[in-house]
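Going by the UniProt record's numbering, the first residue of the sequence shown is number 1, and it counts up by one from there.
For each residue, glycine too, the CB sits at the ideal point set by N, CA and C.
Bear in mind that the values here come from a model prediction, so they are computed numbers and not experimental data.
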Amino acid sequence: MTSYALRATETDLLLVIDVQADFLPGGALAVPDGDAVIAPINALARRFRHVALTQDWHPAGHASFAASHPGRHPFETVTLPYGDQVLWPEHCVQGTPGAELSPGLDLPHAQLVIRKGYRPGIDSYSAFREADRTTSTGLAGYLRERGFTRV
1 MTSYALRATE TDLLLVIDVQ ADFLPGGALA VPDGDAVIAP INALARRFRH
51 VALTQDWHPA GHASFAASHP GRHPFETVTL PYGDQVLWPE HCVQGTPGAE
101 LSPGLDLPHA QLVIRKGYRP GIDSYSAFRE ADRTTSTGLA GYLRERGFTR
151 V
């Protein structure tokens, strides 16, 4: 197991990004060996009093899904009102098992889940702002209100 020298303070927050079933082995948009991050996240989280997570949370028929664009295929690019968009296989659809956070995460002290990508026509690659570069996820306000200075 890796040893982490980080000493978290009261104004630090650990942000865990999109550790969801569809991004893990066997998922709809799996990252090879994606589950290898779970044990280090759990170990690191024990050093933090404050933890938040993000969750990709798409409605069925989301604009980023290739299936929403007849004749198009996953990993092709289309132009949407906010710019170029890579088309993905359907993944992390609201309320489905693939959208669930990994059951291997051991974060009982997590205080917030930021759901992103839930607007039908806008994708999200950031914990702070949707892909249109104007729609906030609310994370910046949360950090400011709670007085967190390091993420």
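| Check | Outcome |
| --- | --- |
| Which of helix, strand or coil DSSP assigns to Leu15 | strand |
| Cα-Cα separation, Thr9 to Ala52 | 15 Å |
| Neighbourhood of Leu6 by C-beta distance below 7 Å, restricted to the same chain and skipping five residues each side | Arg47 |
| Reduced DSSP secondary structure (H/G/I, E/B, other) of Ala28 | coil |
| Residues bridged to Trp88 [DSSP beta-bridge criterion] | Phe65 |
| Distance CB(Phe75)-CB(Ala63) smaller than 9 Å | no |
| Euclidean distance between Cα positions of Gly98 and Pro40 | 22 Å |
| Exposure of Gln85, with buried meaning 16 or more beta-carbon neighbours within 10 Å | buried |
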